[in-house]
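A.B. asks:
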Amino acid sequence: FFFGPCCVHASMSTLEQIEAIGDIRQRIEGYKEYLLRCKTAADYSEVISSLVSDATPLTVSRPALQELASCLPKMDSALHKEVANIAFDAIRPRLFVLQEESTAIREKLADLYQEEENWKQCAMTLIGIPLDSGSRALNEEYKLGHYVRIAQLFLEDDDHIQAETYINKCLPLVHSGIDPVLNLKYKACFARIQDCQRKFFEAATRYYELSQLVADDEQTAELALQSATVCTILSPAGPKRSRLLATLHKDERTNKLGPLYNVLEKMHMDRILRPEEVNQLREYLKPHHEAILADGQTVLERAVTQHNLLAASNLYYNITFGELGALLGISAEKAEQIASRMIAEERMQGSIDQIESLIQFQNVSGVMTQWDEQISSACSFVSRICDEVIKKHPEYAAMLEN
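Just so we're aligned, residue 1 is where the sequence shown starts under my numbering, counting upward by one.
#1: Taking the beta strand (DSSP E) that ASN318 belongs to, which residues open and close that run?
#2: What separation, rounded to the nearest whole angstrom, lies between the Cα atoms of LYS187 and LYS39?
#3: Report the residue from ASP387, ASN139 and VAL83 whose alpha carbon sits nearest the alpha carbon of ILE178.
#4: In angstroms with no decimal places, state the Cα-to-Cα distance between ASP54 and LEU153.
#5: In whole angstroms, give me the CA-to-CA distance for ILE86 and SER70.
#6: With 16 other CB atoms within 10 Å as the buried threshold, where does VAL230 fall?
#7: Measure the C-alpha to C-alpha separation of ARG94 and LYS108 and round it to an integer number of angstroms.
#8: Would you check whether the ligand GTP has a heavy atom nearer than 7 Å to the C-beta of ASP111?
#9: Where does ILE129 fall in DSSP's three states?
#10: Just to confirm the assignment: which complete beta strand (DSSP E) runs, minimum length 3, are found wholly within the region 281-337?
#11: Give the C-beta separation of LEU281 and LEU264 to the nearest angstrom, bearing in mind that I take them to be a contact with Cβ-Cβ under 8 Å.
#12: Using 8 Å as the threshold, is the region 308-317 in touch with the region 244-258, meaning 3 or more CB pairs across them?
#13: Apart from the five residues on each side of it in sequence, which residues of its chain come closer than 6 Å, Cβ to Cβ, to GLY325?
#14: Would ALA90 pass as a contact of ILE48 if the rule is Cβ separation under 8 Å?
#15: Closer than 8 Å is the cut-off here; do at least three beta carbon pairs connect the region 282-302 with the region 264-273?
#16: Thinking C-beta only, is HIS146 closer than 8 Å to ILE167?
#17: Going by DSSP in three states, GLU359 sits in which element: helix, strand or coil?
#18: If you run the structure through DSSP and keep just helix, strand and coil, what is ILE272?
#19: Suppose contacts are defined by Cβ-Cβ distances below 8 Å. Is THR320 in contact with LEU273 by that definition?
#20: Taking only three categories from DSSP, how would you classify ASP353?
#21: Since LEU98 and ALA41 are thought to touch, with beta carbons under 8 Å apart, how far apart are those beta carbons, to the nearest angstrom?
#22: Alpha carbon to alpha carbon, what distance is there between ASN262 and VAL364?
#23: What's the C-alpha gap between LEU171 and LYS256?
#24: Are the CB atoms of LYS143 and LEU131 within a distance shorter than 8 Å?
#25: So, helix, strand or coil for SER176, using DSSP?
#26: Once the 5 residues before and after ALA215 are set aside, which same chain residues still bring their CB inside 8 Å of it?
#27: Going by alpha carbons, who is nearest to GLU323 out of HIS175, PHE381 and GLN360?
#28: Taking the CB atoms as reference points, tell me whether TYR284 and GLN194 lie closer together than 8 Å.
#29: Look up GLN197 in the DSSP assignment and say whether it is helix, strand or coil.
#30: If I follow the unbroken alpha helix (DSSP H) through CYS38, where does it start and stop?
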């Protein structure tokens, strides 16, 4: 079917000629050629209206609308958006039978928004794709990839609440047989959401798992390991964090993390962190890591304060609130509050004597225990040397007695 030189916008007769073609293949080709000649949103609106009308059989409208979807990326962005929205409005009454074609148009529009870094609009466009209407069969991997992509987009838009909503939709779809790359994207997205929610211990565990799963990709593995280390440092001080610190410290890869490793090592060894060491961490932090909490501290300050308090419990048998506050760089009242909370949550062993304004630590371990063991070992070693010297030189024994 051939169109002579004519103004497409003005020529409804051309569409009428196409609509009158009896042969299905020729009719499809007619629509495709007409689409190539369209220039304005009005041109596209006319052909879309023709395609979605009840008079046009689905065997024609479906391939022609797919052709429209393939034309969209060739348009300038403004026309692309306008034509796509015209198509959505026109298709809506017949969405049940034109769902696949609507999806193709939505995916092209979503790609455009993603290129423009309009994360929220991209996510909202994808949300408009129905996955459970029953009009078409979709495999689990497609659904999983769809939900993961939406969650990632909301994360880029700093909306971890919406991201969690869509990552939770993935849970029934995740199993051992899914595509490994898609599985990694899901795990990375889940870790980032927990990170944004300040569930730092859980996020650290997931980041560390990721660093092992992508070990072949050194750059990605290092970024995951770095995130695992940062989240571990920001986790609430206590036995669980201590175990994760030990795991990371044993991992030889953390030696390459520079200043981050130095802080990791000091925390693992239960040593008190100094302000200059804390400042080295800031280059590794994301904005939500430095958010101000209800008590006026940042997330980092709270983590360091709790760590230093736990480290102090390994150095002292008891300490006054004032002395502890001075050690931690906070007020005596705040030191008492933090210590009380950590004891109540069983993250630190001890008791509070409010009459004496004293904290009594229990089961002192860590640095003090190591110190005692080292002193005992040194004394035993010196004693053995003395015994050997006296055996060989008895005269020294008399000198020592004098």
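Think of the CB as a built atom: it goes at the ideal place given N, C-alpha and C, for glycine as much as any other residue.
C.D. replies: Quick answer:
#1: Bounds of the beta strand (DSSP E) holding ASN318 are 318-320.
#2: Near 44 Å, if we compare the C-alpha coordinates of LYS39 and LYS187.
#3: Taking ILE178 as reference, the option from ASP387, ASN139 and VAL83 with the minimal CA-CA separation is ASN139.
#4: Roughly 37 Å separates the two Cα atoms.
#5: When rounded, the distance between both Cα atoms is 16 Å.
#6: Flag for VAL230 reads buried.
#7: Roughly 20 Å separates the two Cα atoms.
#8: In terms of ligand content, the structure shown is empty, and the ligand GTP therefore cannot be addressed.
#9: Residue state, collapsed to three classes: coil.
#10: DSSP runs (the beta strand (DSSP E)) wholly in the region 281-337: 318-320.
#11: Not quite, the Cβ-Cβ distance comes to about 10 Å (not below 8 Å), so this is no contact.
#12: Because the criterion of three Cβ pairs below 8 Å is not met, the region 308-317 and the region 244-258 do not touch.
#13: Result list for GLY325: SER331, ALA332 and ALA335, in chain order.
#14: Against a cut-off of 8 Å, the Cβ pair of ILE48 and ALA90 comes out as a contact.
#15: Contact between the region 282-302 and the region 264-273 is absent, because fewer than three Cβ pairs lie under 8 Å.
#16: With contacts defined as CB atoms closer than 8 Å, ILE167 and HIS146 fail to qualify as a contacting pair.
#17: At residue 359 the sequence reads Ile, which differs from the Glu that was named. If DSSP states are grouped into helix, strand and coil, ILE359 belongs with the strands.
#18: Coil.
#19: In terms of Cβ geometry, THR320 and LEU273 do not form a close pair [threshold 8 Å].
#20: The three-state secondary structure of ASP353, taken from DSSP, is strand.
#21: The distance from the Cβ of LEU98 to that of ALA41 is about 20 Å, inconsistent with a contact at the 8 Å cut-off.
#22: For VAL364, the predicted structure reports a pLDDT of 48, less than 50, and the residue's modelled location is therefore unreliable. The matter cannot be settled from this model.
#23: So the alpha carbons of these two residues sit roughly 34 Å apart.
#24: For LEU131 and LYS143, yes; Cβs fall inside 8 Å.
#25: The three-state secondary structure of SER176, taken from DSSP, is coil.
#26: For ALA215, same chain residues with a beta-carbon under 8 Å away, outside a window of 5 residues either side, are ALA221 in chain order.
#27: Nearest option by C-alpha distance: GLN360.
#28: No. Outside cutoff.
#29: For GLN197, the three-state secondary structure derived from DSSP is coil.
#30: Per DSSP, CYS38 is not a residue of any alpha helix (DSSP H), being assigned neither H nor E.
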